[in-house]
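The structure appears right after this line, and notes come after that.
Chains as they are written, first to last, in my numbering: chain A, 8 to 656; chain B, 3 to 306.
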């Protein structure tokens, strides 16, 4: 009788356990990270009685959570990638919008500026046209600065998010460390099995941490989990959590270094490459591959525009007959440290070789090595002066400026867009005219003509000087087939050889002035070509035409030595837009893919671990009935006992 | 497959999100009329659109320059027309002066007439355009190119050229720099030859009573050469005006071409977009209804 009562009691207890667990599942149906729990049950050991084994009821052997490691890992992986793409996309799409906007983009401003240049070319004496050139130039440089500032603001946003992201990482790390400790304690107290709900809480903290940075968890014997982030940096060991922060010192890219601080309070810099994946990984990647290249491209564009335009502008003369001064100004290369004595400047003759890359220059035991920071490509630099590489000129590179073991970071054009300015404010100073004029005095029957005379180098003549006293006459000697100069020579070559119509003659004149003279027709004896300055030639717009041509000339993306340029300024800008657009498209597609993978992985996990309320409702009914049945067993036992008593009475 | 209650909600919400996002994207396309909302929608087409925009802008600038060139050429042509008439008139007066029955007083009055023509010619040679530039001064357009001179020995009128030989050009197409000014020496001759010297010497001859038979012949030869120079320049202007007109046609064709390329790259096909919008709306409504129906089901509704 007592065994019947006991059996009934075990059934009652088991049903109670089921009902409790079902209620727990229902209550936590929407709890993030909750895994549905189930009771495991087994028949109790039988009793041997009178030649047979008799059952003794049931027992609850444990409460398990529905947990499948593989499915959990799939969810974590997908969520990690999704968070990384989402962070990347959040910022790259802003850059994308800024660059392509018809009102803020560079193309309209470039078109207006060069349109104004064409107007000056058509109306060189018109002061209003010249003023319009200066004004559209101001608009253009303001556009460069706005774009640069806007990208800078977006980069500030990245920085803010990084700080927030690290604060969250630190929070989760501490939470996991604390849960590790509680789980260890519960495992000891729970005879080797840990509390399901604590495990759920820790898994949820890991899942949240995993959205911020790639996490790998290594289980330890005491039930704690060691957490490693990125590519193997330990974050939580047992109940000890490290903390991430942004330090004050700068790395080779000019970024503030990320520090990791352990329990001993000592911080150490941690390489960005260790922090891959998740939101933080996405933020670091968008700064590295999105913002910084965009800023470098803009800087390269600004430096190329300013250098090419200034070079040509300085080859012309203004309304006062003075050689052109630089039209734009642009900040030079930034060097860190700035005062070593090494000088780096853009080489205007090799402009197309410029790449926008940043460099590290190091004295490696007497060998000067120049390394592209982004690609790691290294070249050896000759010590001394006038070393040219990728459109840059290096001066004063020696052991005095850069002792062995020392290094120097060079950012040639990265900050150029922000520093671009228009230097000319007086419309008279636009150098629309060419400095040299060639004319002919021909005898009857001659067809000699000067098609063009282009000044390619001003030698020792400086910007802002008047270009005077250049005059020379060349008279044709039909017998010798050459033009004879002067007298006086005045620094010009004594003869000009002329072999065939259409010849381009390179002439080096006084003070190293270099001209290209294109002659056509057939000269006759005593034909005279006169070269002279163009002072007073205010209606001349030959230099304005050459300046205007810079809009459609290929100036950029040439070989390293500056030859074979392949892109106009606008091409280069369009390439930047395409590059950022493609990246944005790629991460948008990536985010969509990962979201759908995450949905699939979550569905697969929830199919195992999620609570189904219909199922729980059915379980409620089921275990209510089994509870009632067990109760009935006990009441039967009670009644049997009563019967027994009645018999005895 | 086992289904959890969260899955039902998650999937329903995700379907609604996806459909709403697609609907919003189409709505934005319709509102802006552009199929590319950001370069990420089509990076290659976006970059190409920037290049075509520049080509279109450059082409438009050339069209503007063609207008400038046409104005400048017509201005020169008008002045040359006047110069031609003066030379013709002077030629008639020279012929008249050759009549042996004329008295010295008659020749004097012809001389007076020709002095006025000399000044009129000088005024034409020193014409300024709307910018205040002297038309026939070459690049040195700030200074009057022709100065009236009086020969120190004979006292004959003449003129010296102080301009230069520069030819102003305007870029009227990507490869064509069109001359829009003509050096004074080309049109009116130099100090030693040309219309001013011919007129000046003939006036001097009339006033000093030189041998008219010789002088008239010399003047007629000279004036014919002068007229030739003017007419040659006018012919050049005429052919350039035709060229400008043709370039204008090419330019407007190109403009149309660029506009059509830009439209292909950027503009929305409204028929397609509106049909897509209707389709997406249907999908969204279906997703909403399906969400309400599936989430409304629960066994708890039947437990009492």
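All C-beta atoms in this analysis are idealised placements derived from N, C-alpha and C, irrespective of residue type, glycine included.
Q: Note down, in chain order, each residue of its chain lying with its Cβ closer than 7 Å to the Cβ of residue 36 of chain A, except the 5 sequence neighbours on either side.
A: The answer, listed in chain order, is 618 and 620.
Q) Should residue 562 of chain A go down as buried or exposed, given a rule of 16 or more other Cβ atoms within 10 Å for buried? A) buried
**Q.** Secondary structure of residue 156 of chain A, DSSP reduced to three states
**A.** helix
(Q) Run through chain B and tell me which residues come within less than 8 Å of residue 444 of chain A, C-beta to C-beta. (A) 141, 166, 167 and 168
Q: Using a Cβ cut-off of 8 Å (strictly closer), state whether residue 552 of chain A contacts chain B.
A: yes
Q | Limits of the alpha helix (DSSP H) - the one that residue 84 of chain A falls within | A | 76-107
**Q.** Length at least 4, wholly inside the region 260-341 of chain A: the alpha helix (DSSP H) runs in chain order
**A.** The alpha helix (DSSP H) runs of length 4 or more contained entirely in the region 260-341 of chain A are, from start to end of the chain, 285-293 and 299-320.
Q: Run down chain A in chain order and give the residues with a C-beta less than 9 Å from the C-beta of residue 41 of chain B.
A: 103, 104, 106, 107, 584, 585, 587, 588, 589, 591 and 592
**Q.** C-beta atoms of residue 58 of chain B and residue 227 of chain B nearer than 8 Å
**A.** no
Q | C-beta atoms of residue 285 of chain A and residue 266 of chain A nearer than 8 Å | A | no
Q) So which residues on chain A does residue 55 of chain B lean against when the C-beta distance must stay under 8 Å? A) Result: 114, 115 and 118.
Q: For residue 126 of chain A, count neighbouring C-beta atoms within 10 Å of its own C-beta (all shown protein chains included) and say buried if the count is 16 or more, exposed if not.
A: By the neighbour-count rule (16 or more Cβ atoms within 10 Å), residue 126 of chain A is buried.
Q. According to a CB-to-CB cut-off of less than 9 Å, which residues of the region 613-637 of chain A neighbour chain B?
A. If the cut-off is 9 Å between Cβ atoms, the region 613-637 of chain A has 613, 614, 615, 616, 617, 618, 619, 620, 621, 622, 623, 624, 625, 627 and 628 near chain B.
Q. Looking only at DSSP bridge pairs, what is residue 397 of chain A linked to?
A. Looking at the DSSP output, residue 397 of chain A bridges to nothing.
Q) Given that a residue counts as buried once 16 or more other Cβ atoms are within 10 Å of its Cβ, and exposed if not, what is residue 493 of chain A? A) exposed
Q.
Pop quiz: residue 297 of chain A and residue 102 of chain A are said to be a contact at Cβ under 8 Å. What is the actual Cβ separation, rounded to whole angstroms?
A. 6 Å
Q | Contact belief for residue 48 of chain B with residue 107 of chain A at Cβ below 8 Å, rounded distance in angstroms | A | Contact annotation, residue 48 of chain B with residue 107 of chain A: C-beta distance approximately 6 Å; criterion of less than 8 Å satisfied.
Q.
Please return the same chain residues whose Cβ sits closer than 8 Å to the Cβ of residue 166 of chain B, not counting the five positions on each side in sequence.
A. 139, 140, 141, 142 and 185
Q. Listing by chain order, which chain A residues have their CB less than 8 Å from the CB of residue 7 of chain B?
A. 36, 617, 618, 619, 620 and 621
Q. I think residue 321 of chain A touches residue 465 of chain A, with their Cβ atoms under 8 Å apart; what is that distance to the nearest whole Å?
A. The C-beta separation of residue 321 of chain A from residue 465 of chain A comes to about 7 Å, placing the pair in contact by the 8 Å criterion.
Q) Does the beta-carbon of residue 172 of chain B have 16 or more other beta-carbons within 10 angstroms, so that it is buried, or is it exposed? A) buried
Q. For residue 272 of chain B, which of helix, strand or coil comes out of DSSP?
A. helix
Q. Run through DSSP, which three-state label would residue 235 of chain A get?
A. strand
Q: Could you list which residues in chain A have their beta carbon closer than 7 Å to that of residue 254 of chain B, in chain order?
A: Chain A residues near residue 254 of chain B: none, gap ~18 Å exceeds 7 Å.
Q. For the alpha helix (DSSP H) that contains residue 8 of chain B, what are its first and last residues?
A. 7-34
Q | Supposed contact pair residue 532 of chain A and residue 131 of chain A - C-beta distance, whole angstroms, cut 8 Å | A | At roughly 37 Å, the Cβ-Cβ gap does not stay under 8 Å, so residue 131 of chain A and residue 532 of chain A are not in contact.
Q. Name the chain A residues whose beta carbon is nearer than 7 Å to that of residue 175 of chain B?
A. None at all; the shortest Cβ gap to chain A is about 12 Å.
Q) Hey, out of A:133, A:92 and A:148, whose CA is closest to residue 119 of chain A's CA? A) A:148
**Q.** Chain-order list of residues whose beta-carbon lies under 6 Å from that of residue 220 of chain B (same chain, five-residue window excluded)
**A.** none
Q: Measure from the alpha carbon of residue 146 of chain B to the alpha carbon of each residue in B:154, B:155, B:162 and B:285, then state which is nearest.
A: A check of alpha carbon separations from residue 146 of chain B across B:154, B:155, B:162 and B:285 identifies B:162 as the nearest.
Q) What are the residues that DSSP puts in a beta bridge with residue 428 of chain A? A) Residue pairing for residue 428 of chain A: DSSP places it in a beta bridge opposite A:336.
Q: Compute the Euclidean distance between the alpha carbons of residue 627 of chain A and residue 13 of chain B, then round it to the nearest angstrom.
A: 26 Å
Q. Between which two residues does the alpha helix (DSSP H) harbouring residue 586 of chain A extend?
A. 576-616
Q. Using the C-alpha atoms, what's the distance from residue 237 of chain A back to residue 46 of chain B?
A. Answer to the nearest angstrom: the Cα atoms are 34 Å apart.
Q) Closest to residue 661 of chain A by CA distance: which of A:578, A:451 and A:399 is it? A) Any answer about residue 661 of chain A is impossible in this case: the structure gives chain A only from 8 up to 656.
Q. Where do the ends of the beta strand (DSSP E) carrying residue 252 of chain A lie?
A. 250-257
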